[in-house]
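The sequence shown: position 198 = 433 (our numbering), numbered continuously.
Just so it is clear, CB atoms sit at the ideal spot from N, CA and C, and this is done for glycine as well.
What follows is one structure encoded as C-alpha cells, with my remarks underneath.
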Amino acid sequence: MTQPVKGTRPDTLKSIVRADQRSAIGLNTNDLPFMGEDVWNCYEFSWLGDKSCPRAAMLRVVVPCDSEHMVESKSLKLYLNSFAQTRFANEDEIIERLKADVSKICGAPVDIFLMNIDRENLSGELTGNCLDDLAVCIETFQPDATLLRPKKAAGSESVYTHVFRSACPVTGQPDHATIVISYGGGAIQRESLLAYLVSYREYAGFHEQVVERIYRDLMSVGSLSSLSVEGHFLRRGGIDINPFRSTHPRSRPFARVSRQ
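Okay, structure coming up:
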C-alpha cells in the first residue's frame, strides 16, 4: 500500500438518518413504495499519483435508496478534499478506499466510478415533453398535493421541468433542479403537475426527501401502475445529487443534464 503524503479523512464524513426524513413525510423506511438510488457526481476530485504528480477525474458515487443513512453533502466534500494531497499507486486503490469509507457511513454497499474527463460522455438528452411553457396560475409556494388533477384517459408519458426550485434545510440556499417524471397506467393533467412542482419553490428539504415526497404524492393521483421520478439538482460545492425513485429498476443508463 502506498503511503499517503497527508492521508484521507474518513472522520469528516457525517450521516443523515433516512428513516427520520421519511417519517416526516409519512413514509415507512421499512416498507418503501419504491426502489432507486442516489447518484452523486463530484467534479472537483483529485489525488496524487505514485510520483506525487496530481491527477483528476470525475467521481460518481451511487448510493442505494434503502441504505440506512445518507451522507451529508458538505462532509463528503471535505472528505474528498483530503484525497488531493494523498498519494495513490493506482485508481483501484482509490476506489477501494472510497467504497469502504462511504459504504460504512451509509450503512450499505455503494458503487464508485472514476470517470475520465476527456473520454466520458457525461451528459445526455432528455426525452418527453417539457412542461415549462404551459399557462398556469401559481397561488402557493409550499408543497400542495391537492393541486394535482387526474385525467380520465389512461396512458403513459414522460415529462420534465427545468424551473424546479426548493431550499436547503440547513442553509436556506436555493436548490435548482430539472425534475423528470415518467408514468403509466393513468394520466395527470400537465398544468396541474407543473403547478404542483412549482409549489416546492420555498420548501426546505434535502434532495432525497423532496423526490420521495413528489413520488408519494403522484402515486396518490389516479391509478398509476408505474412511476419514476428523478431529480437532477444543480451542483453546489462541486457536487450534484440526483435521486431516482421508481416502481421498477432504471431502464436506461444515468445521464446528467447539460446545466449540471
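Query, Result
"Within 10 Å of its beta-carbon, does Arg354 have 16 or more other beta-carbons around it, so buried, or fewer, so exposed?", "exposed"
"Using only the alpha-carbon positions, how far apart do Pro239 and Leu333 sit?", "Unreliable positioning characterises Pro239 in this predicted model, as indicated by a pLDDT of 49, which lies under 50. A coordinate reading is not provided."
"The beta strand (DSSP E) spanning Ile476 covers which residue range?", "Ile474 to Ser481"
"Cα separation between Gly419 and Ser458?", "9 Å"
"Taking the straight line between their C-alpha atoms, what separation do you get for Cys288 and Lys241?", "14 Å"
"Taking the alpha carbon of Ser393 as the point to measure from, which residue in Ala291, Glu374 and Ile414 has its own alpha carbon closest?", "Ile414"
"Can you give me the Cβ contacts of Ser281 inside the same chain, cut-off strictly under 6 Å, excluding the 5 residues immediately before and after it?", "Pro289, Ala291 and Ala319"
"To the nearest whole angstrom, what separates the beta carbons of Gln495 and His467, a pair I think is in contact under 8 Å?", "6 Å"
"At a Cβ threshold of 8 Å, is Lys387 touching chain B?", "No chain B is present in this structure, which holds just one protein chain."
"Assuming His304 and Val252 form a contact by the criterion Cβ under 8 Å, report the distance between their Cβ atoms to the nearest whole angstrom.", "6 Å"
"Could you check what DSSP says for Glu465 in three-state terms: helix, strand or coil?", "strand"
"Quick check on the burial criterion: 16 or more other C-beta atoms within 10 angstroms. Buried or exposed for Gly440?", "buried"
"Please report how far the alpha carbon of Gly473 lies from the alpha carbon of Leu383, in whole angstroms.", "34 Å"
"State the Cα-Cα distance for the pair Ser455 and Cys341, rounded to the nearest angstrom.", "30 Å"
"Pull up the DSSP beta-bridge partners for His397, would you.", "His397 is not bridged to any residue."
"How long is the line joining the alpha carbons of Val405 and Pro299, rounded to whole angstroms?", "23 Å"
"Below 8 Å on the Cβ atoms is my contact criterion, and I expect Val297 with Leu248 to pass it. Report the Cβ-Cβ distance as a whole number of Å.", "Val297 to Leu248, Cβ: 16 Å. No contact."
"Please return the same chain residues whose Cβ sits closer than 6 Å to the Cβ of Gly359, not counting the five positions on each side in sequence.", "Ala490"
"Decide if Cys372 is buried, meaning its Cβ has at least 16 other Cβ atoms within 10 Å, or exposed.", "exposed"
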